[in-house]
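Working notes, structure below.
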Amino acid sequence: MNRLALAAMEIEDFGSLSARTVIAGVEAVCDPFGALYLPAMRLLVVSDLHLEKGAAFARRGMLLPPYDTLATLKILEAVIARHDPAIVVSLGDNFHDRVGSAHLPESFRSRIEQMARGRDWIWINGNHDPDGTVGLPGQSADELHYGGLAFRHEPSAKAAPGEIAGHLHPSATVRRRDKSVRRPCFATDGRRLLMPAFGVTTGGLDLRHRAMAGLFEHETLVAHLLGRDRVYSVRFANLLA
Amino acid sequence: MSATDSTDPGQDALLPRPFAAWFSARGWAPRAHQLELLARSRSGESLLLIAPTGAGKTLAGFLPSLTDLFARGRIPPGSGFTGVHTLYISPLKALAVDIERNLTVPVQEMGLQVTIETRTGDTPQSKRQRQKLNPPDILLTTPEQVALLIANGEAERFFKDLKFVVFDELHSLVTSKRGHLLSLGLARLRRLAPGLRTIGLSATVAEPMDLRRWLVTQVPGADHHAGLVLGPEGARPIITILKSEDRIPWSGHSARYAMPEVYQAIREHRTALLFVNTRSQAEMLFQELWNINEETLPIALHHGSLDVAQRRRVEAAMAQNRLRAVVATSTLDLGIDWGDVDLVIHVGAPKGASRLAQRIGRANHRMDEPSRAILVPANRFEVMECQAALDANYVGAQDTPPMTDGALDVLAQHVLGMACAHPFDEDALFAEITSAAPYARLSRETFSRVVDFVATGGYALRTYERYAKIRKTKDGLWRVSNPQVAQQYRMNLGTIVEMPMLNLRLVKRNARGSLGRGGATLGKVEEYFLETMTQGDTFLFAGKVLRFEGIRENECLVSQAFSMDPKVPTYAGGKFPLSTYLADQVRAMLADPERWRALPPQVRDWLSIQHDVSTLPKRDELLIETFPRGSRHYMVAYAFEGRLAHQTLGMLLTRRLERAGLKPLGFVATDYSLAVWALDDLGAAFKRGRPSLSDLFDEDMLGDDLEAWLDESWMLKRTFRNCAVIAGLIDQRHPGREKTGRQVTVSADLIYDVLRSHEPDHILLQATREDAAAGLLDIARLGAMLERIRGHITHRALDRISPLAVPVMLEIGKEPVSGEAHDHVLAEAAEDLIAEAMGEAAMREAEAGRRAIDGRDQE
Chain S
83 MNRLALAAME IEDFGSLSAR TVIAGVEAVC DPFGALYLPA MRLLVVSDLH
133 LEKGAAFARR GMLLPPYDTL ATLKILEAVI ARHDPAIVVS LGDNFHDRVG
183 SAHLPESFRS RIEQMARGRD WIWINGNHDP DGTVGLPGQS ADELHYGGLA
233 FRHEPSAKAA PGEIAGHLHP SATVRRRDKS VRRPCFATDG RRLLMPAFGV
283 TTGGLDLRHR AMAGLFEHET LVAHLLGRDR VYSVRFANLL A
Chain G
7 MSATDSTDPG QDALLPRPFA AWFSARGWAP RAHQLELLAR SRSGESLLLI
57 APTGAGKTLA GFLPSLTDLF ARGRIPPGSG FTGVHTLYIS PLKALAVDIE
107 RNLTVPVQEM GLQVTIETRT GDTPQSKRQR QKLNPPDILL TTPEQVALLI
157 ANGEAERFFK DLKFVVFDEL HSLVTSKRGH LLSLGLARLR RLAPGLRTIG
207 LSATVAEPMD LRRWLVTQVP GADHHAGLVL GPEGARPIIT ILKSEDRIPW
257 SGHSARYAMP EVYQAIREHR TALLFVNTRS QAEMLFQELW NINEETLPIA
307 LHHGSLDVAQ RRRVEAAMAQ NRLRAVVATS TLDLGIDWGD VDLVIHVGAP
357 KGASRLAQRI GRANHRMDEP SRAILVPANR FEVMECQAAL DANYVGAQDT
407 PPMTDGALDV LAQHVLGMAC AHPFDEDALF AEITSAAPYA RLSRETFSRV
457 VDFVATGGYA LRTYERYAKI RKTKDGLWRV SNPQVAQQYR MNLGTIVEMP
507 MLNLRLVKRN ARGSLGRGGA TLGKVEEYFL ETMTQGDTFL FAGKVLRFEG
557 IRENECLVSQ AFSMDPKVPT YAGGKFPLST YLADQVRAML ADPERWRALP
607 PQVRDWLSIQ HDVSTLPKRD ELLIETFPRG SRHYMVAYAF EGRLAHQTLG
657 MLLTRRLERA GLKPLGFVAT DYSLAVWALD DLGAAFKRGR PSLSDLFDED
707 MLGDDLEAWL DESWMLKRTF RNCAVIAGLI DQRHPGREKT GRQVTVSADL
757 IYDVLRSHEP DHILLQATRE DAAAGLLDIA RLGAMLERIR GHITHRALDR
807 ISPLAVPVML EIGKEPVSGE AHDHVLAEAA EDLIAEAMGE AAMREAEAGR
857 RAIDGRDQE
């Protein structure tokens with residue numbers, strides 16, 4: 083739960099814990115919480131929140147802890163406070179299932195309203211929640227095109243310069259001597275960027291998995307891994323197969 | 007057939023005519039313990055029979071029920087439903103099948119009207135359905151099937167006529183979570199059939215009283231236990247320690263040096279069983295033997311990861327005496343009859359005196375002839391361990407693990423099962439559960455929390471009331487909310503949580519170098535083993551050297567490697583830690599030069615030199631040596647408490663040394679000792695008393711330090727996953743269903759993190775901590791050791807490494823360095839890129855970031 087601890091800390095030099103990158107000519111900051119900030123547009127991207135995942139499982143008979151939504155929202159609050167964006171884009175799979183936003187407890191709903199105050203908020207539809215959100219601020223959309231970038235949930239199969247997508251929950255493994263560490267990551271080759279999953283109970287899929295095949299130029303692909311309290315950037319060739 | 011046959015006094019009457027005739031037709035007489043068991047069981051006692059292999063234990067266990075069935079006679083057709091009469095429960099499916107064969111023959115020869123059937127996970131659905139409608143007299147089954155049967159709405163009818171429950175290999179059942187589940191099942195059976203008698207069959211154990219209590223109803227404030235029947239003592243086994251011409255290695259586990267002698271021993275016997283402690287040792291030994299197998303003797307391999315078909319082939323060949331030797335792991339430990347074995351070779355140290363006795367019992371099933379066994383120590387410490395085990399076997403020492411309190415995750419599973427069977431009253435179920443020995447000390451409050459957990463997850467944030475699995479209805483009874491709950495329960499039943507395993511598939515590279523599809527399945531391998539591998543790495547499996555090609559879905563693809571030398575050393579550590587009893591014996595031997603005489607000259611010399619250049623620890627003393635080597639300073643602690651306890655100790659000590667500013671770098675643990683290395687001079691620091699050794703090894707390390715470390719330990723996460731599956735929080739993984747093991751592992755970790763930070767006192771976390779303390783961390787043992795050595799620490803500051811330190815020092819580099827994989831791994835990898843791509847300015851920036859973090863850590 084290190085992101086939650088980090089969210090509660092006061093950090094002066096937050097920028098040094100993040101990684102900077104450029105996607106299709108647009109400067110971007112990959113922060114240690116797994117959020118992407120585009121300073122020129124004052125736009126913040128988070129992806130795959132999977133809110134109410136515990137409740138979604140409980141509806142199907144697996145009584146997972148009900149604390150995931152609160153934890154994810156706390157981290158999101160910290161991220162929004164840190165960057166103070168004008169626009170927030172949540173890149174799909176905002177809720178773990180279709181009825182998630184309709185069943186959202188009131189206390190969580192008001193936290194989201196609080197966060198959205200004074201900003202534009204765009205909920206991109208994902209495969210888990212294709213029908214959009216119910217009773218929340220902001221608007222729902224399948225895609226967003228803005229500032230030369232394309233924001234969508236699932237990455238498109240063909241080359242798509244300037245695409246910011248989620249869905250695949252990229253993670254990567256680094257090995258040194260006998261130890262290996264696997265962490266969620268941002269993945270970008272300078273043309274396209276895949277977002278790490280932001281929700282606290284979301285798993286990861288390795289960058290070398292088949293599902294990722296063909297998405298990136300491996301020569302320029304860099305994984306920005308979410309470490310315990312900062313982002314580490316590692317070239318694709320140095321990742322463990 | 008009249009019942010008066012069996013009411014006359016005396017032995018003839020005890021044994022009805024067909025039984026007596028059957029014995030005498032074979033020129034046999036029933037043995038004393040068989041008759042005693044029969045007589046006492048008939049008078050209503052529940053009994054524990056302790057007897058060696060080959061003493062006719064199984065027949066003894068069935069005599070009470072067979073004679074009772076004989077007296078009952080055949081049930082006339084049309085007389086309505088008759089429930090099962092005798093339940094036989096064995097830990098292994100194969101054993102139940104084996105017993106069916108061995109029991110059916112005498113029953114037919116005696117002409118008894120008794121039906122005998124098995125019911126295991128392999129029994130077809132149609133047969134199971136039929137068994138429910140028309141149960142056999144004797145049902146041979148496993149603990150999991152018992153749990154399924156009692157969770158069924160028909161359980162009351164099915165078990166109403168139950169008279170006997172026979173537990174085979176009871177000693178191996180009771181110390182695990184499987185045993186906990188079975189004890190709860192037994193408590194339920196006693197409620198369904200109040201008059202039932204239990205019969206436990208067991209090999210010799212350290213504490214028979216534990217088993218005797220287990221077999222009967224426990225009542226607060228009273229000591230209830232089953233009667234004890236002792237079988238005859240078997241002939242003393244003839245055990246020797248292998249003498250080799252070659253030098254005995256300092257460390258390692260392969261025993262490669264002794265292969266010529268081992269091969270010679272195989273040649274001189276009909277059939278040899280070679281036992282090792284781990285799968286990878288089995289692989290290694292098998293390969294080594296075939297390298298020198300000039301006569302191409304039929305030597306086979308048998309371990310749990312091999313493909314089932316392949317295992318069955320080996321077993322069949324074994325039963326037909328077509329093999330000269332089988333290299334095996336614990337899969338062959340338990341009492342199945344495997345043809346004419348006349349020699350057991352134990353490679354590597356046995357780790358426990360009882361385990362050794364059990365394995366040696368595999369050779370020769372005729373109890374009046376001595377079995378023959380050869381111990382092959384793989385290194386010098388193991389020579390002492392083998393000698394200690396050998397002494398122990400002669401004095402009949404027993405060191406089976408102690409019984410533990412019933413696990414809460416198992417209880418949760420059972421509570422749900424009972425709701426599936428029938429709506430339950432909480433007080434009545436509590437009384438029933440505490441009548442089972444492992445749960446006799448369960449508090450009412452803990453029980454209620456478990457019920458609450460089963461119902462809604464037991465969270466302080468009560469948001470799942472509407473999704474409850476079981477609900478308390480107006481009549482005050484708990485019942486399942488919907489039929490899906492019962493279905494989910496059946497899918498997840500059991501206490502054996504499989505580690506994520508991948509199929510190994512042998513593929514070929516085609517002409518263009520790409521991988522083909524198809525190819526034979528060789529067996530299964532643990533996912534964590536593959537995680538450390540990169541393409542091209544070679545390793546041993548199923549007696550072949552294989553090349554790792556990659557992972558495709560839930561399969562691991564490998565190709566044939568054209569080399570004899572696997573690159574990845576597959577030794578995964580001793581699977582069984584050194585038993586407390588043997589550890590004590592080894593310490594005693596070390597302290598007493600008189601006892602060295604039994605040891606080979608090389609080992610004697612080794613100890614003598616140690617005595618001259620440093621010292622040998624006394625039996626209750628902890629010897630610490632410190633010495634410099636290269637640019638590092640080492641500390642070796644000779645604790646002899648087994649690898650798990652040493653690992654935990656290593657973790658805790660490095661934390662403390664870190665705090666003392668001594669810059670520890672890593673540690674390696676073996677069964678015998680622990681080596682820690684640091685940048686600072688540890689010896690000098692201890693001399694100055696900063697910190698003093700008594701502070702360093704103070705028992706308070708099991709307080710805050712342990713807590714702090716546990717918070718981030720992967721061991722706790724792994725334990726949590728098991729508990730969560732058993733307790734029904736997350737689903738057991740089934741082959742072919744959506745998720746790969748990895749995804750399940752990841753999400754269990756994440757659930758653990760969320761739960762720990764929001765509700766650290768949750769009942770499942772409590773269960774996890776108790777489990778880890780007893781299991782992977784071996785905290786009880788570490789605690790006992792710290793208490794024992796208080797005031798008895800001897801420090802020797804040496805100029806150089808001592809002879810006794812060599813074994814553990816050789817493990818450095820061979821074994822992965824222990825310690826948690828931290829972010830520094832990421833940091834190092836990232837530095838390459840930073841230096842290369844962004845130049846020095848970025849390096850400075852990164853450094854500043856790190857300083858910021860360091861600064862925060864110190865706050």
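First to last, the sequence lines map onto chains S and G. Per the numbering used here, residue 83 is the first one in the first sequence, and the count goes up by one each step. Per the numbering used here, residue 7 is the first one in the second sequence, and the count goes up by one each step. For glycine and all other residues, C-beta sits at the position ideal for the given N, C-alpha and C.
Below 7 Å on C-beta distance, what does residue i contact in chain G?
i	result
D31(S)	With chain S represented from 83 up to 323, any question about residue 31(S) goes unanswered, as that position is not in the structure.
L86(S)	S763
Thinking just about the alpha-carbon of each residue, which of the options is nearest to the one in residue i?
i	options	result
K63(G)	S208(G), P149(G), S30(G)	S208(G)
F554(G)	L508(G), H308(G), S585(G)	L508(G)
L146(S)	A786(G), E765(G), P407(G), G310(G)	E765(G)
P212(S)	R201(S), M197(S), P187(S), S183(S)	S183(S)
M144(S)	D411(G), F68(G), I476(G)	I476(G)
G463(G)	G136(S), A110(S), S129(S), D130(S)	G136(S)
F913(G)	D710(G), T148(G), L761(G)	Coverage of chain G is limited to positions 7 through 865, which leaves residue 913(G) absent and any answer about it impossible.
N299(G)	A323(G), G695(G), V268(G), Q287(G)	V268(G)
T128(S)	F233(S), G217(S), V104(S)	Just to set this straight, residue 128(S) is Val in the shown sequence, not Thr. Cα-wise, what sits closest to V128(S) is F233(S).
L217(G)	F545(G), T406(G), Y470(G)	T406(G)
Taking all protein chains shown into account, decide if residue i is buried (16 or more other Cβ within 10 angstroms of its Cβ) or exposed.
i	result
L685(G)	exposed
P607(G)	exposed
G248(S)	buried
F25(G)	buried
G797(G)	exposed
S85(G)	exposed
I244(G)	exposed
P266(G)	exposed
I785(G)	buried
F568(G)	exposed
I732(G)	buried
I425(G)	The question names Ile, but residue 425(G) in the sequence shown is Ala. A425(G) is buried by the Cβ-count criterion.
I95(G)	buried
Would you list the residues sitting across from residue i in a DSSP beta bridge?
i	result
M641(G)	T632(G), V682(G)
L307(G)	V333(G)
A379(G)	I245(G), V350(G)
So residue i contacts chain S; which residues on that side make the cut at Cβ distance below 7 Å?
i	result
Q494(G)	G143
V491(G)	G143
I736(G)	M144
T462(G)	L145
Listing by chain order, which chain S residues have their CB less than 8 Å from the CB of residue i?
i	result
H764(G)	P147, Y149, L152, A153
S866(G)	Here chain G comprises residues numbered 7 to 865, so residue 866(G) is not present and cannot be evaluated.
I769(G)	Within 8 Å Cβ-Cβ: nothing; I769(G) doesn't reach chain S, min ~12 Å.
Just to make sure I have the definition right: I need the residues of chain G whose C-beta is within less than 8 Å of the C-beta of residue i. Which are they?
i	result
A110(S)	Those do not exist, as A110(S) stays about 16 Å from chain G at its closest Cβ, beyond 8 Å.
Using a cut-off of 9 Å between C-beta atoms, extract the partners of residue i located in chain S.
i	result
L168(G)	In chain order: nothing, as chain S lies at least about 32 Å away.
I732(G)	The premise fails here: I732(G) is roughly 14 Å from chain S at the closest Cβ pair, so nothing lies under 9 Å.
With 8 Å as the limit, tell me which residues of the region 469-486 of chain G have their beta carbon closer than that to any beta carbon of chain S; keep them in chain order. Taking 8 Å as the Cβ-Cβ cut-off, the region 469-486 of chain G approaches chain S at T469, Y470, Y473, K475, given in chain order.
Select from the region 264-286 of chain S all residues with a C-beta closer than 8 Å to any C-beta belonging to chain G, and list them in chain order. Per Cβ criterion, the list reads R265, V282, T283, T284, G285, G286.
Contact list for the region 282-294 of chain G against chain S, Cβ threshold 8 Å: Residues of the region 282-294 of chain G with a C-beta less than 8 Å from any C-beta of chain S: none at all.
According to a CB-to-CB cut-off of less than 7 Å, which residues of the region 781-813 of chain G neighbour chain S? Result list empty, no residue passes.
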